[in-house]
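Peer 1: Just passing along the structure, written as structure tokens.
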Amino acid sequence: MIKKVLAIILAFLYSIVYIVVGPIIKTRNLSFDSSDVLSFVLCFVICLAINIFLFWAIPKCKFNIKIKRIDRCIDKLGDRKLFFIIWIFIFISWIPAYLIFYPGILAYDMISQVNNALGEIATNHHPVLHTWLIRIFMRLGDNLFSEYEYGIGLLSILQMVMLSYALSRLVMLLKKKNVPILIVILTAMFSAIWFMNACLSVTMIKDTLFAAFFVLFACHFTEIVLNPVEYSKQKKNLIILPIISFLMCALRNNGIHIYVFCFAVLLVLRISQIKKTKMFIALIVAIMLPIFIYKIYTGPVFEACGIRQGEVREALCIPIQQLQYVAIDKADELTNEQMELMNYYIDNLEWREWSPHRDYNPFFADPAKSCFYSDNYNNDPLAFWKYYLQLGKQYPKEYIVAFLSNTLGYWYPGYYEYSYVVYENYSPDEFIEPLERKSIGELPMIENYYKSVCTSEFWRETPILRLFFVPGFSIWILIYALILAWKKKEDLRKVVPIFLPLIAQYGIMLLSPMSSFRYSWPFYLLLPISFVGIFGSAKSNSIKEESVKETLENKNDVANI
Numbered sequence: 009m010i011k012k013v014l015a016i017i018l019a020f021l022y023s024i025v026y027i028v029v030g031p032i033i034k035t036r037n038l039s040f041d042s043s044d045v046l047s048f049v050l051c052f053v054i055c056l057a058i059n060i061f062l063f064w065a066i067p068k069c070k071f072n073i074k075i076k077r078i079d080r081c082i083d084k085l086g087d088r089k090l091f092f093i094i095w096i097f098i099f100i101s102w103i104p105a106y107l108i109f110y111p112g113i114l115a116y117d118m119i120s121q122v123n124n125a126l127g128e129i130a131t132n133h134h135p136v137l138h139t140w141l142i143r144i145f146m147r148l149g150d151n152l153f154s155e156y157e158y159g160i161g162l163l164s165i166l167q168m169v170m171l172s173y174a175l176s177r178l179v180m181l182l183k184k185k186n187v188p189i190l191i192v193i194l195t196a197m198f199s200a201i202w203f204m205n206a207c208l209s210v211t212m213i214k215d216t217l218f219a220a221f222f223v224l225f226a227c228h229f230t231e232i233v234l235n236p237v238e239y240s241k242q243k244k245n246l247i248i249l250p251i252i253s254f255l256m257c258a259l260r261n262n263g264i265h266i267y268v269f270c271f272a273v274l275l276v277l278r279i280s281q282i283k284k285t286k287m288f289i290a291l292i293v294a295i296m297l298p299i300f301i302y303k304i305y306t307g308p309v310f311e312a313c314g315i316r317q318g319e320v321r322e323a324l325c326i327p328i329q330q331l332q333y334v335a336i337d338k339a340d341e342l343t344n345e346q347m348e349l350m351n352y353y354i355d356n357l358e359w360r361e362w363s364p365h366r367d368y369n370p371f372f373a374d375p376a377k378s379c380f381y382s383d384n385y386n387n388d389p390l391a392f393w394k395y396y397l398q399l400g401k402q403y404p405k406e407y408i409v410a411f412l413s414n415t416l417g418y419w420y421p422g423y424y425e426y427s428y429v430v431y432e433n434y435s436p437d438e439f440i441e442p443l444e445r446k447s448i449g450e451l452p453m454i455e456n457y458y459k460s461v462c463t464s465e466f467w468r469e470t471p472i473l474r475l476f477f478v479p480g481f482s483i484w485i486l487i488y489a490l491i492l493a494w495k496k497k498e499d500l501r502k503v504v505p506i507f508l509p510l511i512a513q514y515g516i517m518l519l520s521p522m523s524s525f526r527y528s529w530p531f532y533l534l535l536p537i538s539f540v541g542i543f544g545s546a547k548s549n550s551i552k553e554e555s556v557k558e559t560l561e562n563k564n565d566v567a568n569i
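Counting from 9, one number per residue, gives the positions in the sequence shown under my numbering.
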């Protein structure tokens with residue numbers, strides 16, 4: 009009965025979003041004609057059929073069917089050799105992208121980061137650690153080969169190595185937690201061939217190394233969730249966890265929020281279980297250590313280096329968008345005092361001769377964000393939030409519309425304005441020192457392939473294929489994965505902790521300046537971890553093997569007696 013209800017509810021919700029709410033937000037048009045009714049019914053029927061398949065068929069599918077030849081090969085190889093084979097396989101699969109884009113895709117924030125790397129690093133607007141890496145490798149290329157591009161090429165290789173290592177670690181975690189071998193193999197293959205991984209592994213953005221350490225963190229976190237006793241027995245884990253967690257936090261400014269959220273919720277849900285571990289104190293110290301190191305890094309270390317924190321407006325995309333929308337849509341209703349406060353926090357740009365009005369794009373927060381006075385916020389943050397909540401109480405509908413507009417691409421698959429991957433570099437002259445693409449060899453077919461998947465609408469409009477190109481499916485995949493895992497475990501408290509890194513990353517996505525696939529990419533990288541909840545078990549293969557040996561030994565002892 010529960011399956012039927014869930015299938016109907018989810019089909020109805022998706023149909024409402026895809027046929028009604030999404031198009032209204034996208035077009036800013038409240039009209040709904042009779043033809044949409046037929047579309048709604050058709051969408052509902054298709055979704056219901058898919059739900060029935062997922063909720064009834066998947067639990068009964070024999071994914072764990074033994075493929076004897078594959079099992080024999082894997083057993084002969086052993087985990088260590090298998091790990092290196094997967095790692096090398098993924099890395100080699102990305103080499104064509106490296107050759108085409110060499111020394112790397114120089115886009116996104118690269119202009120400002122190169123300016124900082126070759127000049128002065130004054131703020132943490134872009135993660136300082138990543139800018140330092142760019143500086144080190146560019147200087148290395150200049151000193152050894154008299155060209156900055158060589159250094160960037162080496163940094164691209166480092167990114168490829170770290171990302172392929174992290175994905176291999178994730179694949180091995182699936183195997184360890186008894187996820188069906190067929191799914192493990194498909195995960196390894198998809199990690200290697202998915203164009204996003206190849207392209208972003210050689211793109212000079214903070215997201216690449218952050219994604220690698222985010223995946224590594226999630227692997228360790230999952231092992232703590234499933235078996236804290238086994239995890240804490242291996243002392244190397246208590247050393248590795250703080251290192252990769254700190255690097256995750258240092259390589260993206262909101263990494264610390266993901267880390268704190270995951271462990272705060274886990275400790276609330278599982279503190280009684282974690283307390284039972286013999287190494288409880290050591291595990292808690294390992295969990296707390298990255299927070300203290302990060303505070304020292306962004307505090308005394310930054311101060312000693314003369315580095316300021318990034319502006320607070322970077323974290324306020326949604327509130328700024330909501331206020332700006334109210335200022336435009338309800339300008340004639342706001343009191344003089346409310347309008348004065350609005351202008352105090354957000355520049356109305358009336359001084360501009362060429363465009364004397366507020367800068368607002370419903371789907372992209374940067375125009376409004378650039379008009380926000382961070383200093384005025386810092387003078388009295390409490391006053392800002394009081395004003396923000398007061399207007400929210402007065403105009404709740406406008407706040408909801410502004411939020412749904414800015415996050416549209418993360419819940420509505422029909423919007424993919426920012427889901428494209430940057431293919432072309434910035435012009436060499438735009439950098440403080442000219443940087444250009446110097447492709448190695450001529451690979452026209454592969455070059456055309458990457459250009460197509462990065463920029464063509466065909467992949468984003470074609471049913472089924474668009475699953476891998478449009479971030480609007482992310483929330484729906486998460487919901488379905490949670491339900492399937494819950495149906496297997498039959499206890500939501502056992503399921504939710506496994507999904508905490510995914511939930512945290514999705515929350516960060518909702519607060520980002522636009523619904524870009526670049527921001528959702530770490531979420532998609534980590535999605536295979538949901539297989540642990542749906543198909544896996546808490547005990548690893550090694551524990552099962554030990555228990556079998558113990559049972560056989562006990563039987564032999566009894567026989568001898």
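Yeah, the Cβ is synthetic: ideal placement off N, Cα and C, and Gly gets one too.
Owing to the predicted nature of the structure, the values given are computational and were not obtained by experimental measurement.
Quick one: which unbroken alpha helix (DSSP H) runs of 4-plus residues sit fully inside the region 309–371? Chain order, please.
Peer 2: DSSP runs (the alpha helix (DSSP H)) wholly in the region 309–371: 310–313, 325–337 and 344–353.
Peer 1: Would you say the region 410–417 touches the region 520–540, given that touching needs at least three Cβ pairs under 8 angstroms?
Peer 2: At 8 angstroms Cβ cutoff, the stretches touch.
Peer 1: Taking C-beta to C-beta, are Ile328 and Ala373 nearer than 8 angstroms?
Peer 2: Yes. Within cutoff.
Peer 1: Buried or exposed for Gly86, going by 16 or more other Cβ atoms inside 10 Å?
Peer 2: Exposed: under 16 other Cβ atoms inside 10 Å.
Peer 1: How many Å lie between Tyr239 and Val540 at the Cα?
Peer 2: Near 16 angstroms, if we compare the C-alpha coordinates of Val540 and Tyr239.
Peer 1: Within the same chain, show all residues whose beta-carbon is closer than 7 angstroms to that of Ile483, passing over the 5 residues directly before and after it, in chain order.
Peer 2: Here the set comprises Tyr418, Trp419 and Tyr514.
Peer 1: Any idea what DSSP makes of Lys563, helix, strand or coil?
Peer 2: Here Lys563 scores only 41 on pLDDT, less than 50, and its place in the model is too uncertain to base an answer on.
Peer 1: Assuming Asp437 is part of the alpha helix (DSSP H), what are its boundary residues?
Peer 2: Segment: none, Asp437 is in no alpha helix (DSSP H) and carries neither H nor E.
Peer 1: Counting only runs that start and end within the region 444–493, where is the beta strand (DSSP E) found for 3 or more residues in a row?
Peer 2: Within the region 444–493, no complete beta strand (DSSP E) run reaches 3 residues.
Peer 1: Please report the straight-line C-alpha distance between Leu182 and Glu498, rounded to a whole angstrom.
Peer 2: Roughly 21 angstroms between the two C-alpha positions.
Peer 1: Which value, in whole angstroms, describes the spacing of the CA atoms of Ala19 and Gln332?
Peer 2: Answer to the nearest angstrom: the Cα atoms are 34 angstroms apart.
Peer 1: Could you tell me whether the region 433–445 touches the region 114–126, where touching means 3 or more Cβ pairs closer than 8 angstroms?
Peer 2: With a cut-off of 8 angstroms, the region 114–126 and the region 433–445 count as touching, because enough Cβ pairs lie within range.
Peer 1: Measuring CB atoms only, is the region 313–320 touching the region 127–138, in the sense that at least three cross pairs come out at less than 8 angstroms?
Peer 2: As far as the Cβ criterion goes, the region 313–320 touches the region 127–138, which means the pair count is three or higher.
Peer 1: Under a three-way DSSP split, which group does Met522 fall into?
Peer 2: Strand, per DSSP.
Peer 1: For Glu427, count the other beta carbons within 10 Å of its own beta carbon; 16 or more makes it buried, fewer makes it exposed. Which is it?
Peer 2: Residue identity differs from the one stated: residue 427 is Ser in this sequence, not Glu. Burial call: buried.
Peer 1: Compute the Euclidean distance between the alpha carbons of Ile165 and Gln121, then round it to the nearest angstrom.
Peer 2: So the alpha carbons of these two residues sit roughly 19 angstroms apart.
Peer 1: How big is the Cα-Cα spacing for Pro364 and Tyr22?
Peer 2: Pro364 and Tyr22: Cα-Cα distance of roughly 40 angstroms.
Peer 1: Which of helix, strand or coil does DSSP assign to Ile129?
Peer 2: Correct three-state label for Ile129: coil.
Peer 1: Where Glu558 and Ile279 are concerned, what is the direct C-alpha to C-alpha distance, given to the nearest angstrom?
Peer 2: Residue placement at Glu558 cannot be trusted, given a pLDDT of 44 that sits under 50; the coordinates are not used to answer.
Peer 1: May I have the straight-line CA-CA distance separating Glu438 from Met256, to the nearest angstrom?
Peer 2: Approximately 30 angstroms, taken between the alpha carbons.
Peer 1: When you compare each of Ala512, Leu451, Leu443 and Glu455 to Ser154 by their alpha carbons, which one comes out closest?
Peer 2: Nearest of Ala512, Leu451, Leu443 and Glu455 to Ser154, Cα basis: Leu443.
Peer 1: Under the three-state reduction of DSSP, which class applies to Phe40: helix, strand or coil?
Peer 2: Of the three classes helix, strand and coil, the one that applies to Phe40 here is coil, per DSSP.
Peer 1: Between Ile266, Leu208, Val293 and Lys214, which has its C-alpha nearest Leu246's C-alpha?
Peer 2: The option with the nearest alpha carbon to Leu246 is Val293.
Peer 1: Check the C-beta distance from Val223 over to Ala290 and give it rounded, since I have them as a contact under 8 angstroms.
Peer 2: At roughly 24 angstroms, the Cβ-Cβ gap does not stay under 8 angstroms, so Val223 and Ala290 are not in contact.
Peer 1: If we call anything under 8 angstroms between Cβ atoms a contact, is Ala493 one with Val503?
Peer 2: In this structure, Val503 lies closer than 8 angstroms to Ala493 by Cβ.
Peer 1: Assign Leu178 to buried or exposed, taking buried as 16 or more other Cβ atoms, counted over all protein chains shown, within 10 Å of its Cβ.
Peer 2: By the neighbour-count rule (16 or more Cβ atoms within 10 Å), Leu178 is buried.
Peer 1: Out of Leu500, Met204 and Asp44, which has the shortest C-alpha to C-alpha gap to Lys459?
Peer 2: It is Met204.
Peer 1: For Lys563, I'd like the list of residues in its chain whose CB is within less than 6 angstroms of its CB, leaving aside the five on either flank, ordered along the chain.
Peer 2: For Lys563, the predicted model reports a pLDDT of 41, less than 50, meaning its position is unreliable; a value from the coordinates is still stated below. Nothing meets the Cβ criterion.
Peer 1: Helix, strand or coil for Thr195, going by three-state DSSP, please let me know.
Peer 2: Helix at Thr195.
Peer 1: Please return the same chain residues whose Cβ sits closer than 8 angstroms to the Cβ of Gly422, not counting the five positions on each side in sequence.
Peer 2: Closer than 8 angstroms at Cβ, skipping near neighbours: Tyr26, Gly30, Pro31, Lys34 and Gly480.
Peer 1: Spatial neighbours of Leu249 within its chain, please: C-beta separation below 7 angstroms, excluding the five flanking residues on both sides.
Peer 2: Result list for Leu249: His228 and Ala294, in chain order.
Peer 1: Among residues of its own chain, excluding the 5 on either side of Leu560, which ones have a beta-carbon nearer than 6 angstroms to its beta-carbon?
Peer 2: Residue placement at Leu560 cannot be trusted, given a pLDDT of 42 that sits under 50; what the coordinates show is reported in the next sentence. So the list is empty, once near-sequence residues are dropped.
Peer 1: In or out: Trp102 buried (at least 16 other Cβ within 10 Å) or exposed?
Peer 2: Label assigned to Trp102: buried.
Peer 1: So for Phe543, helix, strand or coil by DSSP?
Peer 2: Coil.
Peer 1: Do you know offhand how far Tyr106's Cα is from Lys394's?
Peer 2: Roughly 50 angstroms separates the two Cα atoms.
Peer 1: Label Ala272 either buried or exposed according to how many other C-beta atoms from any shown protein chain fall within 10 Å of its C-beta, with 16 as the threshold for buried.
Peer 2: Exposed is the call here.
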